[in-house]
Amino acid sequence: MRLALLADVHSNLEALSACLAHARRQGVDRCAFLGDLVGYNADPRACLDRVRDEAGRGAIVVRGNHDEACVGGLIESMNPSAREAIYWTREQLDAESRDWLAGLPLLAQAGEASFAHASPERPEQWIYVTGAESAARGLDAAGTRLVFAGHVHRAVLYYSSSAGVLRGFHPVPGVTLPLLAGRRWFYVVGSVGQPRDGSIAANYAIYDADAATLTHYRVPYDCLKAARKLRAADLPERLAVRLETGY
Ligand code: ZN
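In terms of the working numbering, the sequence shown opens at residue 763 and continues consecutively.
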């Protein structure tokens, strides 16, 4: 079973389409969407259609904090441009899409992996995994050998050393890594639809459950077109610049 891991799509249809096309060429069997399907960018309906298509083919889908905010969740802690995009997105979604988003679970499990948007430690609190300590607490809470999550928008892979201490590193795109048995792994997948590490290319990864390997990918896509759509929708300029710069 080869699984495409896609986090933080954030209504970016160009990035999502490019990643799904890339994943198909790699022969993936199934997708896992790690939350924040909507928010920030200009194509919430089209992105939800694609994700729901994948869900019909067995994709795992979990809810993110932006998904929750778009169906009436709290937005006080969000920055002004994120909040503005949430208000805009709420107007774009029909009742059926809202119900579907609201019904998504916060956590999913398959085989030896858990899937979440933020840390599995109190998932409803949307805790960012930004270091080895929070990754270790997330793994303890999940109780599985592997955890795949999003929320941070930068790809980092944490693993337990032979001494049991967790360390993190940035995976090199295109390099397949063995998820060695006897170790625990917490993978923060970078963002499909709003990368924030200085590269404009979309992030996703492929997890091969049979071989126990992970490959991180960066996929170029038409970020200028996605930025144009943001401006045409009168969404905050800051969000368009983020796509054009990767920051
Ligand atoms: Zn996000």
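Ideal Cβ placement from N, Cα and C applies to all residues, glycine included.
The nearest non-hydrogen atom of the ligand ZN is 6 Å or more from the C-beta of D959. Note on K991: 16 or more other CB atoms within 10 angstroms of its CB, so buried under the neighbour-count rule. Beta-carbon to beta-carbon, A974 and P940 are separated by about 6 Å, close enough to satisfy the 8 Å threshold. In terms of side-chain proximity, the C-beta atom of D829 is found no nearer than 6 Å to any non-hydrogen atom of the ligand ZN. For the beta strand (DSSP E) assignment, the uninterrupted runs of no fewer than 3 residues enclosed by the segment 923 to 993 are, from N- to C-terminal side, 928 to 931, 938 to 940, 947 to 950, 964 to 970 and 975 to 981. Between S843 and R1000, the gap from beta carbon to beta carbon is short of 7 Å.
When distances are taken from the beta-carbon of D770 to the heavy atoms of the ligand ZN, the shortest one is below 6 Å. Look at the segment 843 to 896 and you find these whole runs of beta strand (DSSP E), each 3 residues long or longer: 869 to 872 and 875 to 878.
With contact defined as three or more Cβ pairs closer than 8 Å, the segment 903 to 913 and the segment 940 to 960 are in contact. In the three-state reduction of the DSSP assignment, A911 falls in the strand class. Residue environment for R993: exposed (fewer than 16 other C-beta atoms within 10 angstroms of its C-beta). With a 10 Å radius around the Cβ and a threshold of 16 neighbouring Cβ atoms, E776 comes out buried. Excluding residues up to 5 positions away in sequence, Y966, Y979 and V981 lie with their Cβ nearer than 8 Å to the Cβ of H784 in the same chain. Sixteen is the threshold: when 16 or more other Cβ atoms of the shown chains lie within 10 Å of the Cβ of H828, as they do, the residue is buried.
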